Structures are given as structure tokens and as C-alpha cells.
Amino acid sequence: MGADAAGTTRAAGPARQTGSLEAASAFLRAAGLVIDAVTASRVTGHLQLSQEHHTPWGIVHGGVYTTAIESAASIGASSAVRDQGQVAVGLTNTTHFLRSLTAGRVDVEAVALSQGHTQQLWRVDITDESGRLIAHGEVRLQNVAGR
Numbered sequence: 743m744g745a746d747a748a749g750t751t752r753a754a755g756p757a758r759q760t761g762s763l764e765a766a767s768a769f770l771r772a773a774g775l776v777i778d779a780v781t782a783s784r785v786t787g788h789l790q791l792s793q794e795h796h797t798p799w800g801i802v803h804g805g806v807y808t809t810a811i812e813s814a815a816s817i818g819a820s821s822a823v824r825d826q827g828q829v830a831v832g833l834t835n836t837t838h839f840l841r842s843l844t845a846g847r848v849d850v851e852a853v854a855l856s857q858g859h860t861q862q863l864w865r866v867d868i869t870d871e872s873g874r875l876i877a878h879g880e881v882r883l884q885n886v887a888g889r
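Residues in the sequence shown are numbered from 743 upward in steps of one, following this note's numbering.
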């Protein structure tokens, strides 16, 4: 991601404003991750969880957290290699579910742990409004030629 002359942060790939789900696939729009800030080594965002995200048992589906973790890491990692004409694609995503929720805002923070020439490793934490860790993940990504 980079900033234009007006200071608006833009996503790698198709131009779109940070936080916008307009250009995202239906799958990503349904997950609802809103990106708040992006640098080459850190991404922050949030989700507003509701019944739309529930399993049949009335709690948020783990796939929502896994999607947010993969997406935040991929956005940051791709931002880090954009100037080299590359994007980063996920190789592994290990997500740990620590607490269940039914609704509310959660914050997503992705931080680069290692950024090499061919691969990157990112840690992503999802916390609730009181700061409790809800889910934690690590994503290993491969840097590849841009598409």
C-alpha cells in the first residue's frame, strides 16, 4: 500500500481506499474485515461480528477469524513487496481459537515476524473490546511475481 498525493492510503493491486470492501469478493465482503491502516510491516483492522457470522450453535464461525488472519497478513506482506512487482500468497495459515464470541467488535493486528526475499512470516492477533485475545494465527507467505 502507498499513499497518494492527498495522503489516502491505497491497497496493493486494484486501487481502492483502505477500509473499503467495495472491490472485494462476495466472500470477503461477507467476512467483513475492515482495514484501518497498512504499512509494509503492520496491518490493523476490525470486524463487527453479528449473527451473520454464526455457526448453527450460535457462536462466531472460526472461518471468519481464519479469513481475517489470512487477509491481514496477505495485505501487509503484499504491501512489503509491491515495489519489487510482487505479491505475497499464503502457504500456511495456523489459527488458534481461544475464546468464542456471539457479537461485538474485534480488532485485528498483523505484524511481520520475518520478511525475506522469497518468503515472509506474519503473526496476527484478534482481540475483543476488552483486549482479550480471541484468536491468534501465523501465516507463512511466498513472494511471487505480481498479477
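By construction, the Cβ of each residue, glycine as well, lies at the ideal position given by its N, Cα and C atoms.
Every value quoted in this text rests on a predicted model; they were computed, and no experiment measured them.
Beta carbon of residue i nearer than 8 Å to that of residue j
{"i": "Ala877", "j": "Leu840", "result": "yes"}
{"i": "His795", "j": "His803", "result": "yes"}
{"i": "Leu775", "j": "Ile801", "result": "no"}
{"i": "Ala819", "j": "Leu883", "result": "yes"}
{"i": "Gly879", "j": "Leu791", "result": "no"}
{"i": "Ser816", "j": "Leu770", "result": "no"}
Where residue i falls: helix, strand or coil (DSSP)
{"i": "Thr809", "result": "helix"}
{"i": "Ile801", "result": "coil"}
{"i": "His859", "result": "coil"}
{"i": "Ala852", "result": "strand"}
{"i": "Ala766", "result": "coil"}
{"i": "Ala819", "result": "helix"}
Cβ neighbour criterion (16 or more within 10 Å) applied to residue i
{"i": "Gly888", "result": "exposed"}
Cross-strand partners of residue i (DSSP beta bridge)
{"i": "Arg882", "result": "Thr834, Leu863"}
{"i": "Ala877", "result": "Phe839, Ile868"}
{"i": "Leu789", "result": "Val848"}
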